[in-house]
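Engineer: Numbering follows UniProt numbering, in which position 96 of the sequence shown is assigned residue number 96; successive positions increment by one, without gaps.
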Amino acid sequence: MATNTITDATFENDVLNSSEPVVVDFWAEWCGPCKMIAPALEEISEEMAGQVKITKINIDENQDAAMKYGVRSIPMLILFKDGEPMATQVGAAPKGKLADWIKSAL
1 MATNTITDAT
11 FENDVLNSSE
21 PVVVDFWAEW
31 CGPCKMIAPA
41 LEEISEEMAG
51 QVKITKINID
61 ENQDAAMKYG
71 VRSIPMLILF
81 KDGEPMATQV
91 GAAPKGKLAD
101 WIKSAL
């Protein structure tokens, strides 16, 4: 299972109403560090399938969710559990650190 792209319109259904925890990657096309962590998130998505869902939302095209959750710096990852933000990771990090962050928040 790869990462899913979500939008402001699908945010409630895909994230807030999800039966499993969801990591939302707030990113933008022009953001170099965002592109650096994308392959790691794809791998983590496959390795942790069934435990967590990993999604991406482009903040240039979907500003409502970014504003609602106070995204000021990207990449910013927020882990949602039962519709609530449980943990936040700001900035690029190696795959191992990202996986550990997700596991610790579950």
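Ideal Cβ positions, reconstructed from N, Cα and C, are used throughout, including at glycine. Note that this is a predicted model, so its numbers are computed, not measured.
1) Among Met86, Pro21, Asp25, which one has its Cα closest to the Cα of Ile6?
2) So, at 6 Å on beta carbons, what are the nonlocal neighbours of residue 131 in its own chain, with the 5 sequence-adjacent residues on each side left out?
3) Who are the Cβ neighbours of Met88 in its own chain at under 6 Å, not counting the five residues just before and after it?
4) Quick one: grab the DSSP three-state call for Ala2.
5) Could I get the ranges of all uninterrupted alpha helix (DSSP H) runs contained in the region 27 to 86, with 4 residues as the minimum, in chain order?
6) Thinking Ala99 and Ile37 are a contact (beta carbons under 8 Å), I'd like their distance in whole angstroms, please.
Structural biologist: On the basis of the supplied data:
1) Reading the sequence shown from its first residue, position 6 is the one you call residue 6. For Ile6, the nearest C-alpha among the options comes from Asp25.
2) Past the boundaries of the shown model lies residue 131; the chain is included only from 1 to 106, so the question cannot be answered.
3) Taking the sequence shown and counting its residues from 1, one reaches residue 88 at position 88. The amino acid at residue 88 is misidentified as Met; the sequence shows Thr. The answer, listed in chain order, is Ile78.
4) What you label residue 2 is simply residue 2 of the sequence shown in a count that begins at 1. Ala2: coil per DSSP, three-state reduction.
5) 32 to 47, 63 to 68
6) Here residue 99 is taken as the residue at index 99 of the sequence shown, counted from 1. Here residue 37 is taken as the residue at index 37 of the sequence shown, counted from 1. About 11 Å separates the two Cβ atoms, so there is no contact after all.
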